[in-house]
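Each residue of the sequence shown is one higher than the one before, counting from 868 in my numbering.
Just so you know, even glycine gets a beta-carbon here, dropped at the ideal spot from N, CA and C.
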Amino acid sequence: MNHMPLFSLSENDATTVRGFLERNDVGLADILDRASGLVGLDLLNDLLVVLAKSEPNRLEVVQLLRAIEALLVAARCQDGELEASLRWHGTRIHDLGALLSR
């Protein structure tokens, strides 16, 4: 059974997600744009807005990470040219979601 806390992220978890996005935002935005256009970019923007709050909601962050991961996985089936980048970003996003779901 999954026992994810329902409220705000710990400062450590928020810092982890923010740090990933700060280091990889350009690459992630590019791959989301190429894979799903505005849908992916809107999800990334929504994630950034939630993370900018003083106490980001854990459930919102996890749901957005899972939605982004689903787009990346779906795109892997459609675009072999981007597969390595889709796989790398998808794995990182999955790992962040798993970290926050513990």
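Selected residue, minimal CA-CA separation from residue i, among the options
i      : options                        : result
Gly894 : Leu967, Gly957, Leu966, Val916 : Gly957
Gln930 : Arg943, Asp913, Ala941         : Asp913
Glu878 : Ser921, Asp909, Asn891, Leu905 : Ser921
Cutoff 6 Å; reference residue i; Cβ partners in own chain excluding five residues on either side
i      : result
Leu932 : Ile960, Leu963, Gly964
Ala942 : Ala902, Leu953
Integer Cβ distance of residue i from residue j, believed to fall under 8 Å
i      : j      : result
Ala881 : Leu939 : Not a contact, Cβ separation roughly 22 Å.
Gly907 : Asp900 : 6 Å
Leu915 : Ile935 : Not really, about 11 Å apart at Cβ, beyond 8 Å.
8 Å CB neighbourhood of residue i in its chain, flanking five on each side removed
i      : result
Leu918 : Ala881, Val884, Arg885, Leu888, Val928
Leu966 : Asp880, Thr883
Beta-ladder partner(s) of residue i, from DSSP
i      : result
Ser875 : Asn924
Residues near residue i in its chain [Cβ-Cβ closer than 7 Å; skip 5 each side]
i      : result
Pro923 : Ser875, Leu876, Ala881, Val917
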